[in-house]
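Peer 1: Chains as they are written, first to last, in the working numbering: chain P, 1 to 585; chain H, 1001 to 1192. Where a beta carbon is used, it is the ideal one built from N, C-alpha and C, also for glycine. Attaching a single structure in structure tokens format; questions to follow.
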Ligand SMILES: Cc1ncc(C[n+]2csc(CCOP(=O)(O)OP(=O)(O)O)c2C)c(N)n1
Ligand code: SF4
Ligand code: SF4
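If you want it as structure tokens, here you go:
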């Protein structure tokens, strides 16, 4: 049997294919994004980006009501957005299997919070599988589709960053040769959730959880691995791997399904040990349920609720052993990400700072406008929030302060959940200014297409949303289109719109630097004329990674390999020191 | 159980770390070993620190290397090397390109790029190998092949057939870039 190395995300994509799914839908979000990107290699599956997670889940629900198997994927916070359909889908159940992948991000490698989505399984009464490596990611995906149909329920598959982005060896299977043809089948008593229908379904889903609990006790994904017999550990997912490293002699109850828990199996296991541990990342999800069964365990009293686990942290926290960590001393300056050389967002933040705007920010590459030296972001909560927050804060401020408030949002985020906020701005007569940074792509998560980019996930052309017309259609009377590489104009427009006592929208129109199709005209890199540079450091205030301070010569240098020739730096220099490479004699 | 071997890759987004860890993992898989690799990416195109863990042996559990058990720190940038030095085991070694890339605060002139990093690495881990990756890559014909130069240097100290490295490179690298990368690999093998 040939083995291939697959990431957890690649394995979930493969499992979806092998399960015979016909539809996959998602909104991108680290660490889940590559699942859909990998599914595009399987022509049999209709894969698409939705504008947000709620729509993605609803598309999946539609496909499953038509009788097809459907996969829906999102990052952990995406489930917050999709929660509304999810909680009622739990009542209706499915027709074709529906699997919802939640990719959690312990340690917040690239997220705004560290929520533990196992809680959603319990809250929505939806069973949840949790793989511990790529092979399990593939197998549990297939299993999740089967369980979905067998128990008439949507099923969660929970991954974490270390599962999604780790590669391990996987043995592949095949796609079934025969797949049931989807068709229309009416069943309103099951699918129309009026109170009368939903009330009848509630006891059925409570019984479903009990049935799943009993069934899962006999399933091979919940297994006991014998060790020396002295201590017992209950664990699941990636934590299992760390337990095997840190406590090689322990007896382990490894849970492949983390909701509902196999309570009889846990009781039987727990009875054998004086010392019983629960090792899990984030919340005491398993621990609290085990304690509620009257079983004493060592868990979050030792193991931190915050951050991810590692082999060293498991050992360190359980047995008070120190393990080394990376060198975080001040002599080694950190290396946070920064906006790319030539990024179209840069000039806008430079000018917002100069205009002393109070920036109600949002989530995307432009959140890096928070970082020094731009340092021009005052709030950032979740996708789309910039707009409502700007409206709300303006309500309580003086006339003078009100004018300082500017909301800044990207194209993908605006269509995700920002548009509703704009309707509110107009409807309730806010006077705020909204800047939409339209770079025609969902850049932050690795450049995915969206309804403003003109392309679909599979790179086929698609109609483009006209943002200007959209804003006008909801009632915005003042919409300005702006070239953000023109600093003087950018500053002028921002100030004028901030002063306007009415809602206004500014839309920037330059594409992300990393999308080749939108950057076909090459621009020569710039260089600094040594004779003209006075070492005033003004150009360093834009935070372009291509400009480096030469601490010996006390002058700026441009790295010609990464400079994109955007000329933003040139406009900050009073001494005319920046020129196109080759122009300096 | 036989020992699990641990390579920690470190560098800056855009240096080709993920490709390098992919090549190493393929070689280990070809050798019939259990392999796990893991990486933190997602925002890496904007020049942040990138690390990747590669572990191989008869049976590997965690894809994260237990802290303090790194056998080889395989790094493409000096400052990044020093960041992860504490994770090396006692008799471990670093295989490093002496490339310096200024992090944002250095580029802005707020702090200097730290001095004497090469000495620090070699005094703590005397068997370390420092390679002039950038110049060897330029000599091979493409500045972007530093990662492959370093793979050449790494292949010298790991006990796997040269053929396997070449096969893995052929699998992972697009054909138009293969020649220059094979040259770069060779240059790394010759470097001392
Ligand atoms: C609910 C939710 N879904 C997904 C994400 C992941 N995510 C962060 S920013 C972003 C989109 C950024 O695109 P855009 O607004 O166009 O800005 P750009 O990065 O292109 O500048 C995504 C998908 C998230 N943080 N929250
Ligand atoms: S990826 Fe695109 S949008 Fe993001 S920082 Fe780079 S150029 Fe800007
Ligand atoms: S032109 Fe100036 S601001 Fe633009 S990428 Fe080059 S150095 Fe950076």
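Residue 242 of chain P versus chain H: which residues are under 9 Å apart at the beta carbon?
Peer 2: The contacting residues are 1061, 1062, 1064 and 1066.
Peer 1: For a contact meaning CB atoms closer than 9 Å, what does residue 375 of chain P contact in chain H?
Peer 2: By Cβ distance, chain H contributes nothing, its closest Cβ being about 12 Å from residue 375 of chain P, past 9 Å.
Peer 1: Less than 6 Å between the CB of residue 569 of chain P and some heavy atom of ligand 5, yes or no?
Peer 2: The ligand content of the structure shown is limited to ligand 1, ligand 2 and ligand 3, which means ligand 5 is not among them.
Peer 1: What in chain H is Cβ-close to residue 282 of chain P, meaning under 9 Å?
Peer 2: Those within 9 Å of residue 282 of chain P in chain H number zero; the least Cβ separation is about 16 Å.
Peer 1: Give me the Cβ distance between residue 591 of chain P and residue 279 of chain P, rounded to the nearest whole Å; I'm assuming they're in contact under 8 Å.
Peer 2: There is simply no residue 591 of chain P to check, as chain P begins at 1 and stops at 585 in what is shown.
Peer 1: What number of angstroms, rounded off, separates the C-alpha of residue 506 of chain P from the C-alpha of residue 415 of chain P?
Peer 2: 15 Å
Peer 1: With a cut-off of 8 Å, do at least 3 Cβ pairs link the segment 449-466 of chain P to the segment 317-325 of chain P?
Peer 2: At 8 Å Cβ cutoff, the stretches do not touch.
Peer 1: Hey, residue 120 of chain P and residue 79 of chain P: beta-carbon distance below 7 Å or not?
Peer 2: yes
Peer 1: Under 7 Å, do residue 1077 of chain H and residue 1013 of chain H count as touching if we go by C-beta distance?
Peer 2: no
Peer 1: How long is the line joining the alpha carbons of residue 270 of chain P and residue 276 of chain P, rounded to whole angstroms?
Peer 2: 7 Å
Peer 1: Take residue 1070 of chain H as the anchor and find which of H:1159, H:1084 and H:1080 has the nearest alpha-carbon.
Peer 2: H:1084
Peer 1: Among P:533, P:409 and P:537, which has the Cα closest to the Cα of residue 437 of chain P?
Peer 2: Residue P:409 is the option with its Cα nearest to residue 437 of chain P.
Peer 1: Considering residue 478 of chain P, what are the terminal residues of the alpha helix (DSSP H) in which it resides?
Peer 2: Here residue 478 of chain P belongs to no alpha helix (DSSP H); instead the beta strand (DSSP E) covers 478-482.
Peer 1: If we count the other Cβ atoms within 10 Å of its Cβ and call it buried at 16 or more, is residue 105 of chain P buried or exposed?
Peer 2: buried
Peer 1: How about residue 542 of chain P and residue 558 of chain P: do their beta carbons lie closer than 7 Å?
Peer 2: no
Peer 1: Report whether the distance from the Cβ of residue 376 of chain P to the nearest heavy atom of ligand 1 is below 6 Å.
Peer 2: no
Peer 1: When we look at the beta-carbon of residue 202 of chain P and count the other beta-carbons within 10 Å, is it buried (16 or more) or exposed?
Peer 2: exposed
Peer 1: Any beta carbon of chain H sitting closer than 7 Å to that of residue 324 of chain P?
Peer 2: For residue 324 of chain P, at least one C-beta of chain H is nearer than 7 Å to its own C-beta.
Peer 1: Return the CA-CA distance between residue 418 of chain P and residue 472 of chain P, expressed in angstroms with no decimal places.
Peer 2: 15 Å
Peer 1: Restricting to runs no shorter than 3 residues, where is the beta strand (DSSP E) found entirely within the segment 1095-1151 of chain H?
Peer 2: 1129-1131
Peer 1: With DSSP run on the structure shown, which of helix, strand or coil describes residue 46 of chain P?
Peer 2: strand
Peer 1: Using a cut-off of 7 Å between C-beta atoms, extract the partners of residue 327 of chain P located in chain H.
Peer 2: Correct list: 1082, 1083, 1085 and 1086.
Peer 1: State the Cα-Cα distance for the pair residue 608 of chain P and residue 327 of chain P, rounded to the nearest angstrom.
Peer 2: This structure gives no information on residue 608 of chain P, because the portion of chain P shown stretches from 1 to 585.
Peer 1: Check the Cβ of residue 202 of chain P against every Cβ in chain H and list those closer than 7 Å, keeping chain order.
Peer 2: In chain order: nothing, as chain H lies at least about 40 Å away.
Peer 1: Determine the contact status of residue 5 of chain P and residue 1025 of chain H, defining contact as a CB-CB distance below 7 Å.
Peer 2: yes
Peer 1: Below 7 Å between beta carbons is the criterion; list the residues of the segment 329-352 of chain P that meet it against any residue of chain H, in chain order.
Peer 2: 331, 332, 333, 334, 335, 336, 337, 338, 339 and 340
Peer 1: Need the endpoints of the alpha helix (DSSP H) that residue 1191 of chain H sits in, please.
Peer 2: No alpha helix (DSSP H) holds residue 1191 of chain H; DSSP gives it neither H nor E.
Peer 1: If contact is defined by three or more beta carbon pairs under 8 Å, each pair taking one atom from either stretch, is the segment 334-344 of chain P in contact with the segment 497-506 of chain P?
Peer 2: no
Peer 1: So if I threshold CB-CB distances at 7 Å, which residues from the segment 1097-1121 of chain H count as touching chain P?
Peer 2: Result list: 1102, 1103, 1104, 1105, 1106, 1107, 1108, 1109, 1111, 1112 and 1114.
Peer 1: Strictly by DSSP, which residues pair up with residue 3 of chain P?
Peer 2: P:171
Peer 1: With hydrogens ignored, establish whether the beta-carbon of residue 591 of chain P is closer than 6 Å to any heavy atom of ligand 2.
Peer 2: Because chain P spans 1 through 585 in this model, residue 591 of chain P falls outside it and cannot be assessed.
Peer 1: Entirely within the segment 393-436 of chain P and at least 3 residues each: give me those beta strand (DSSP E) ranges in chain order.
Peer 2: 405-410
Peer 1: Less than 7 Å between CB atoms is the rule here; does residue 1135 of chain H satisfy it with respect to chain P?
Peer 2: So no, residue 1135 of chain H is outside the interface.
Peer 1: Do you know how far the Cα of residue 285 of chain P is from the Cα of residue 1044 of chain H?
Peer 2: Confidence at residue 1044 of chain H is low in this model, with a pLDDT of 47, below 50, so its placement is unreliable and the value that follows should be read with caution. Distance between the alpha carbons of residue 1044 of chain H and residue 285 of chain P is about 32 Å.
Peer 1: Less than 7 Å between the C-beta atoms of residue 439 of chain P and residue 512 of chain P, yes or no?
Peer 2: yes
Peer 1: Using a beta-carbon distance below 7 Å, is residue 549 of chain P in contact with chain H?
Peer 2: yes
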